[in-house]
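**Student:** Which chain is which? The protein sequence lines are X and E, in order.
For what it's worth, this note's numbering labels the leading residue of the first sequence as 39, then goes sequentially.
For what it's worth, this note's numbering labels the leading residue of the second sequence as 662, then goes sequentially.
Take this structure first; my questions come after.
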Amino acid sequence: MFDFEVITKNLPYLLSGVKFTIALACLVIFLGTFLGIILGLSKLSKNRLIRYPASFIVEITRDTPIIMQMFFIFFGLPALGIRLQTFPSAALAMSLFAAGNTAEIVRGAIDSLPLGQFDAAKSLGMNYFQMMIHVIIPQALRRMIPPAMGLFTTLIKDTSLAAIIGAFELTRAGQEIIERTLRSLEIYLVVAAIYFIICYPLSYYTRKVEKQRVTGF
Amino acid sequence: MAYQLDLSIIIKHIPLFLKGVFLTVEISFFAILLGLIIGIFFAVARTSRFKILNLAGAAYVEVFRNTPLLIQIFIIFFGLPGIGIKLSPYASGLTALVLYVGAYNTEVVRAGLEAVPKGQIEAAKSLGLTGVQTFLYVILPQTFRISLPALGNNWVALVKNSSLVSVIGMVELTWVALDLNALTFRSFELFGAATIFYLILIFILINIQALVEKRFAFKT
Chain X
39 MFDFEVITKN
49 LPYLLSGVKF
59 TIALACLVIF
69 LGTFLGIILG
79 LSKLSKNRLI
89 RYPASFIVEI
99 TRDTPIIMQM
109 FFIFFGLPAL
119 GIRLQTFPSA
129 ALAMSLFAAG
139 NTAEIVRGAI
149 DSLPLGQFDA
159 AKSLGMNYFQ
169 MMIHVIIPQA
179 LRRMIPPAMG
189 LFTTLIKDTS
199 LAAIIGAFEL
209 TRAGQEIIER
219 TLRSLEIYLV
229 VAAIYFIICY
239 PLSYYTRKVE
249 KQRVTGF
Chain E
662 MAYQLDLSII
672 IKHIPLFLKG
682 VFLTVEISFF
692 AILLGLIIGI
702 FFAVARTSRF
712 KILNLAGAAY
722 VEVFRNTPLL
732 IQIFIIFFGL
742 PGIGIKLSPY
752 ASGLTALVLY
762 VGAYNTEVVR
772 AGLEAVPKGQ
782 IEAAKSLGLT
792 GVQTFLYVIL
802 PQTFRISLPA
812 LGNNWVALVK
822 NSSLVSVIGM
832 VELTWVALDL
842 NALTFRSFEL
852 FGAATIFYLI
862 LIFILINIQA
872 LVEKRFAFKT
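Dropping the structure here:
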């Protein structure tokens, strides 16, 4: 039978996991965006020594499962003398994944801008950084917002994977409760509901932004 | 002390790796196929005039897109036996993957359905085609064509997500790497090899998708 008591009794413990889920998601989104912008701009560089390594990192991080990257960092890196705890391992793996995907979003947004924008900026005598900061990035940013928000939703859901290497967050909190109480269905349904409550507003808003036509350039 | 790479561990266990690769390919293939059917089904529900079908489709999409796949796998494999539904790891994993990718496909196919010009439906009607004929011969082929690039993205995500079924004990590529890691502790080589296998699989998938896209491209 469905046991509601086990839910009300363990809800505080689940919510203590939520804190770590949100912390992990924020950390990953922040680091991923920062690294992703650098990678994305590097991918657009004319210099092959910059472009090729950036493309390589983007492909590796986008085309392999996140848990593979997590295992590689958590189990594999100690072989090179780099030992990370579970939470930093998960954060690092997910940040790399986020960076690779953000890089593609950045590149796609900048590539979609009309070439005249670049020419106009150059003809005004701007250098690369002036052109990027005053002309290109403000316009590209508007096109980046809907796909970036979609990525953020994916990242919040994927923080659950950190539980596989044992980092404490919402999913792991749920697993620990189940190990004590053996009420899998109730606890996992509540865990799913909590993720839903976090993700739904974000994906709802994403769809709203997507529907608004991008005006101007 | 410098770490000594020992690639012989990979070569020694190549048969096991290939077994894992095969199961990853198999489960991905079935999930792509079944996920497409589910996607088309719910996309039709989402665009139907009946409010209830519409709501059911929306609820399905929102629930499965806004919760982690890992939790869905856990609910199906560990949770459902609580109400008497016991599924094998294979059936649980496949069900979760199909439902998850199906939700993403629904949105893609729905956008495709809505992108087919109204004139096409009117033309089909004026030719005397029935509703089902119009859907099968006129709307669906064009929808498929429009949706293909976005479906391809979902398929790539699916192959990557298939790694998650290792947590309920399906002997696919990720499980093989984890199992050998527990036996030999050669993590660097093993997860490196598994990563390369995934890259190869995704590379092949992207190329197949590009070929299909070319085959079905609008002739201009």
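Glycine included, C-beta positions come from ideal geometry on N, C-alpha and C.
Just so it is clear, the structure is predicted and the values come from calculations on it, not from any experiment.
Rounded to a whole number of angstroms, what is the C-alpha to C-alpha distance between Ser-827/E and Phe-72/X?
**Tutor:** Position 166 of the second sequence, counted from the start, is the residue given in the question as residue 827/E. Position 34 of the first sequence, counted from the start, is the residue given in the question as residue 72/X. When rounded, the distance between both Cα atoms is 32 Å.
**Student:** Starting from Gln-213/X, follow the alpha helix (DSSP H) in both directions and report where the run begins and ends.
**Tutor:** Within the first sequence, the letter at position 175 stands for residue 213/X. Per DSSP, Gln-213/X belongs to the alpha helix (DSSP H) from 208-219.
**Student:** Anything in chain X within Cβ reach of Tyr-664/E, meaning under 7 Å, just list it in chain order.
**Tutor:** Here residue 664/E is taken as the residue at index 3 of the second sequence, counted from 1. Under the 7 Å cutoff, chain X gives Ala-117 and Leu-118.
**Student:** Output the residue ranges of the alpha helix (DSSP H) runs that lie fully inside the stretch 716-803 of chain E and measure 4 residues or longer, sorted by chain position.
**Tutor:** Listed in chain order, they are 730-735, 750-776 and 779-787.
**Student:** Using 8 Å as the limit for Cβ to Cβ distance, is Ser-824/E near chain X?
**Tutor:** Residue numbering aside, residue 824/E sits at position 163 when the second sequence is read from its first letter. Chain X contact via Cβ: present.
**Student:** Name the residue from Met-831/E, Ile-713/E, Ala-764/E and Leu-844/E whose alpha carbon lies nearest to the alpha carbon of Val-682/E.
**Tutor:** Here residue 682/E corresponds to residue number 21 of the second sequence, with the count starting at 1. Nearest option by C-alpha distance: Met-831/E.
**Student:** To the nearest angstrom, how far is the alpha carbon of Glu-142/X from that of Ile-67/X?
**Tutor:** Your numbering for residue 142/X matches position 104 in the first sequence. Your numbering for residue 67/X matches position 29 in the first sequence. Roughly 15 Å between the two C-alpha positions.
**Student:** So Trp-605/E packs on Ile-693/E, CB below 8 Å; how close in whole Å?
**Tutor:** Lying before the first or after the last residue shown, residue 605/E is absent from chain E, which here runs from 662 to 881.
**Student:** So Ser-198/X contacts chain E; which residues on that side make the cut at Cβ distance below 7 Å?
**Tutor:** Here residue 198/X refers to the residue found at position 160 when the first sequence is read from its first residue. Chain E residues near Ser-198/X: Pro-729, Leu-731 and Ile-732.
**Student:** Whose C-alpha, out of Arg-121/X, Thr-102/X, Val-144/X and Leu-118/X, is nearest the C-alpha of Met-132/X?
**Tutor:** As a working mapping, residue 132/X is identified with position 94 in the first sequence. With distances taken between Cα atoms, Met-132/X lies closest to Thr-102/X.
**Student:** Could you work out which residue in Leu-860/E, Ala-811/E and Ile-688/E is closest to Tyr-751/E when comparing CA atoms only?
**Tutor:** Locating residue 751/E in the second sequence gives position 90, counting from the first residue. Comparing Cα-Cα distances from Tyr-751/E to each of Leu-860/E, Ala-811/E and Ile-688/E, the minimum goes to Ile-688/E.
**Student:** Would you mind stating whether Leu-841/E and Leu-825/E have Cβ atoms separated by less than 8 Å?
**Tutor:** The count along the second sequence starts at 1 and reaches residue 841/E at position 180. The count along the second sequence starts at 1 and reaches residue 825/E at position 164. No, these two residues do not count as a Cβ contact at 8 Å.
**Student:** Here's the rule: buried if 16 or more other CB atoms are within 10 angstroms of the residue's CB, otherwise exposed. What is Leu-199/X?
**Tutor:** Position 161 of the first sequence, counted from the first residue, corresponds to residue 199/X. It counts as buried.
**Student:** Taking the alpha helix (DSSP H) that Ala-128/X falls in, what are its first and last residues?
**Tutor:** Indexing the first sequence from 1 puts residue 128/X at position 90. Ala-128/X -> alpha helix (DSSP H) spans 124-149.
**Student:** Measure the alpha-carbon distance for Tyr-51/X versus Ala-230/X and round it to whole angstroms.
**Tutor:** Numbered from its first residue, the first sequence carries residue 51/X at position 13. Numbered from its first residue, the first sequence carries residue 230/X at position 192. C-alpha separation (whole angstroms): 15 Å.
**Student:** Which residues, in order along the stretch 226-245 of chain X, keep a beta-carbon less than 7 Å from a beta-carbon of chain E?
**Tutor:** Tyr-226, Leu-227, Val-229, Ala-230, Tyr-233, Phe-234, Cys-237, Tyr-238 and Ser-241
**Student:** Using a Cβ-Cβ cut-off of 6 Å (strictly less than) and excluding sequence neighbours within five positions of Ala-757/E, which residues of its own chain qualify?
**Tutor:** One-based indexing of the second sequence puts residue 757/E at position 96. Around Ala-757/E: Gln-733, Ile-734 and Ile-737.
**Student:** In chain E, which residues lie with their C-beta within 8 Å of the C-beta of Lys-195/X?
**Tutor:** The residue you call residue 195/X lines up with position 157 of the first sequence. Neighbours of Lys-195/X on chain E, chain order: Asn-727, Thr-728, Pro-729 and Leu-730.
**Student:** Thr-253/X: buried (16+ other C-beta within 10 angstroms of its C-beta) or exposed?
**Tutor:** The residue given as residue 253/X occupies position 215 in the first sequence. Model confidence at Thr-253/X stands at a pLDDT of 49, short of 50, so the residue's coordinates are unreliable; what they give is reported in the following sentence. Burial call: exposed.
**Student:** Who are the Cβ neighbours of Val-722/E in its own chain at under 8 Å, not counting the five residues just before and after it?
**Tutor:** The residue you call residue 722/E lines up with position 61 of the second sequence. If we look at Val-722/E and ignore the five residues flanking it on each side, its Cβ neighbours are Phe-703, Arg-707, Ala-764, Thr-767 and Glu-768.
**Student:** For Thr-756/E, go through chain X and note every residue whose CB falls closer than 9 Å to its CB, in chain order.
**Tutor:** Numbered from its first residue, the second sequence carries residue 756/E at position 95. Result: empty, since nearest Cβ-Cβ is about 15 Å, beyond 9 Å.
**Student:** Taking buried to mean at least 16 other C-beta atoms within 10 Å of its own C-beta, is Gly-645/E buried or exposed?
**Tutor:** Missing from the structure shown is residue 645/E; chain E here goes from 662 to 881 and no further.
**Student:** For the candidate residues Arg-726/E, Phe-691/E, Thr-685/E and Asn-715/E, whose alpha-carbon lies nearest to that of Cys-237/X?
**Tutor:** The residue labelled residue 237/X in the question sits at position 199 within the first sequence. With distances taken between Cα atoms, Cys-237/X lies closest to Arg-726/E.
**Student:** For Pro-126/X, go through chain E and note every residue whose CB falls closer than 8 Å to its CB, in chain order.
**Tutor:** Taking the first sequence and counting its residues from 1, the one referred to as residue 126/X is at position 88. What Pro-126/X touches in chain E: nothing, since even the nearest Cβ is about 17 Å away.
**Student:** Name the chain E residues whose beta carbon is nearer than 8 Å to that of Met-106/X?
**Tutor:** For the purposes of this step, residue 106/X is identified with residue 68 of the first sequence, where counting begins at 1. Residues of chain E passing the Cβ test: Ser-824, Thr-835, Ala-838, Phe-852, Ala-855, Thr-856 and Tyr-859.
**Student:** In three-state terms, what does DSSP make of Ser-54/X?
**Tutor:** Locating residue 54/X in the first sequence gives position 16, counting from the first residue. Reduced to three states, the DSSP call for Ser-54/X is helix.
**Student:** Quick check: is the beta carbon of Ile-202/X nearer than 8 Å to any beta carbon in chain E?
**Tutor:** As a first step, residue 202/X is located in the first sequence; it is residue number 164 there, counting from the start. It does; some Cβ of chain E falls within 8 Å.
**Student:** Starting from Asp-41/X, trace the alpha helix (DSSP H) both ways and give me its first and last residue.
**Tutor:** Counted from its first residue, the first sequence places residue 41/X at position 3. Element bounds for Asp-41/X: n/a, residue is neither H nor E.
**Student:** For Gln-878/E, name the three-state secondary structure that DSSP assigns.
**Tutor:** Looking up residue 878/E in the second sequence gives position 217. According to the sequence as given, residue 878/E is Ala; it is not Gln. Of the three classes helix, strand and coil, the one that applies to Ala-878/E here is coil, per DSSP.
**Student:** What residues from chain X crowd round Glu-723/E, counting only those whose CB sits closer than 9 Å?
**Tutor:** Within the second sequence, the letter at position 62 stands for residue 723/E. Under the 9 Å cutoff, chain X gives Phe-234, Tyr-238, Ser-241 and Tyr-242.
**Student:** Is Thr-804/E near Val-777/E, with beta carbons less than 8 Å apart?
**Tutor:** Reading the second sequence from its first residue, position 143 is the one you call residue 804/E. Reading the second sequence from its first residue, position 116 is the one you call residue 777/E. Taking 8 Å as the Cβ cut-off, Thr-804/E and Val-777/E qualify as a contacting pair.
**Student:** Quick one: list the residues of chain E neighbouring Leu-53/X, beta-carbon separation under 9 Å, in chain order.
**Tutor:** Taking the first residue of the first sequence as position 1, residue 53/X is located at position 15. Near Leu-53/X there are no residues of chain E at all, since even the closest Cβ is about 16 Å away, more than 9 Å.
**Student:** Which chain X residues are close to Lys-786/E, counting only those with a beta carbon under 9 Å from its beta carbon?
**Tutor:** Along the second sequence, read from residue 1 onward, the residue named residue 786/E stands at position 125. Contact of Lys-786/E with chain X by beta-carbon distance below 9 Å is absent, the smallest such distance being about 29 Å.
**Student:** Ile-104/X and Leu-122/X - do their beta-carbons sit closer together than 8 Å?
**Tutor:** Taking the first residue of the first sequence as 1, we reach residue 122/X at position 84. Taking the first residue of the first sequence as 1, we reach residue 104/X at position 66. Going by C-beta atoms, Leu-122/X is not nearer than 8 Å to Ile-104/X.
**Student:** Leaving out the 5 sequence neighbours to the left and right, which residues in its chain are closer than 7 Å to Phe-190/X when beta-carbon positions are compared?
**Tutor:** Position 152 of the first sequence, counting from 1, holds the residue named residue 190/X. Taken in chain order, the residues that qualify are Ile-67 and Leu-240.
**Student:** Taking only beta-carbon positions, decide if Gly-146/X is within less than 8 Å of chain E.
**Tutor:** Translated into the one-based positions of the first sequence, residue 146/X becomes position 108. Chain E, which has no Cβ nearer than 8 Å to the Cβ of Gly-146/X, makes this no.
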